[in-house]
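Protein chains: 2
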Amino acid sequence: MMEIGMFGTVATIKIKEGNAAEFEKIATELVNKVNENEKGCLLYQLYYGEVPNTYVFMERYADQAAVEAHRSTEYFKTLGRAMAEFMDGKPTVQRLKQVGRFVGYE
Amino acid sequence: MMEIGMFGTVATIKIKEGNAAEFEKIATELVNKVNENEKGCLLYQLYYGEVPNTYVFMERYADQAAVEAHRSTEYFKTLGRAMAEFMDGKPTVQRLKQVGRFVGYE
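Quick mapping for you: the protein sequence lines, in order, are chains A and B. Under the UniProt record's numbering, the first residue of the first sequence is numbered 1, with each subsequent residue one higher. Under the UniProt record's numbering, the first residue of the second sequence is numbered 1, with each subsequent residue one higher.
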C-alpha cells in the first residue's frame, strides 16, 4: 500500500434532541478557529446528514504534526468539552490515512 | 440552520479478504479520473483506516450539479461496477450538507 502520510478524520456525532442550535454555535466556532489558525489542516468542515440529530466533521491534515498541533490547541480542548455536553453518546471517529498519491493532490 | 448548499459524501467500504491490491488499483483510477475531470468536485480522495479491509472515500462538491455530474460519468459507472466485485456487502454512504459558511471556505 503506497502511503504518503496524509491524514483524514471523519467524526460522526449524535446530539441530544433539541440541542442543534447550541451545538452548531460551538461547533462552527471551532471550525472557524481551526481554519483561521492551523495551516497544516487542509480541511475542517462541519456537515449534517440524512440521519436526524447527527453531525459529521470532515477533516484532513498535511501530516502527523498537523494532527497533533490541532489536538493540543486550547480552543480544541475547551470547545470540545463544551460540545460534549450536547452529545448523545461518544462520537464515532474514523482515523484515516490517504491511499497513494493522486492527480490534484495539493 | 444556515445552509450554503455545499455537499459532502463519506462512503465507507468493506472489501473481501485478500482483495486490497485489486480494489486499490481501481479505486485510485477513479480518484485520478475525478480529480482530472470534475471542476465542481472539491475533494475526492481514498483513505484507509484502523479497521482491516475497510476504505473510506471522502468527497466534497461545490453544488448539487457537481454531485449529479459526477454520478453521470461513464467512468464512475464502469469503475463503480468493477469495485463492487471486491466489496463485502454494500458501502455505507453518508450524504452530507455543509453547516453554515466559514472562514477558509473557498
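Backbone N, C-alpha and C define an ideal beta-carbon position, used for all residues, glycine too.
For chain A, the residues of the stretch 16 to 38 of chain B that bring a beta carbon within less than 9 Å of one of its beta carbons are Ala20, Ala21, Glu24, Ala27, Thr28, Val31, Asn32, Lys33, Val34, Asn35, Glu36, in chain order.
Spanning the alpha carbons of B:Val56 and A:Phe86 requires a straight line of approximately 27 Å. Distances from the CA of A:Arg81 to each of A:Tyr48, A:Ala21, A:Met6, A:Leu30 were compared; the closest alpha carbon is that of A:Leu30. In the DSSP assignment, B:Ile13 falls within the beta strand (DSSP E) that extends over 3 to 14. In the three-state DSSP reduction, A:Thr54 falls in the strand class (E or B).
In this structure A:Glu74 is exposed. Its beta-carbon is surrounded by fewer than 16 other beta-carbon atoms within 10 angstroms. A:Tyr75 is bridged by DSSP to nothing; it lacks a bridge partner. B:Gly8 belongs to the set of residues whose beta carbon lies under 8 Å from a beta carbon in chain A. A straight-line Cα-Cα distance of about 26 Å links B:Leu42 and B:Asn53. Looking at B:His70, B:Leu46, B:Thr92, B:Gly18, the one whose alpha-carbon comes closest to that of A:Leu96 is B:Leu46. Any Cβ of chain A closer than 8 Å to the Cβ of B:Tyr61 would place that residue at the interface, and such an atom is absent. In the DSSP assignment, B:Arg60 is bridged to B:Gly8, B:Leu43. Note that the C-beta distance between B:Gln64 and B:Gly8 is not below 8 Å.
Residues of chain B with a Cβ closer than 8 Å to the Cβ of A:Tyr75 do not exist, since the nearest Cβ in that chain sits about 13 Å away. If you draw a straight line from the Cα of A:Tyr44 to the Cα of A:Lys77, it comes to about 16 Å.
Under a 10 Å Cβ-count criterion, B:Val51 is classified as exposed, with fewer than 16 other Cβ atoms of the shown protein chains found around its own Cβ.
Per DSSP, A:Lys90 lies in no alpha helix (DSSP H) and is assigned neither H nor E. What B:Val99 touches in chain A, judged by beta-carbon distance under 9 Å, is Glu24, Ala27, Thr28, Val31, Gln45, Leu46, Tyr47, Tyr48, Tyr55, going in chain order. Only Gln94, Arg95, Leu96, Lys97 from the stretch 83 to 97 of chain B bring a Cβ to less than 8 Å from some Cβ of chain A.
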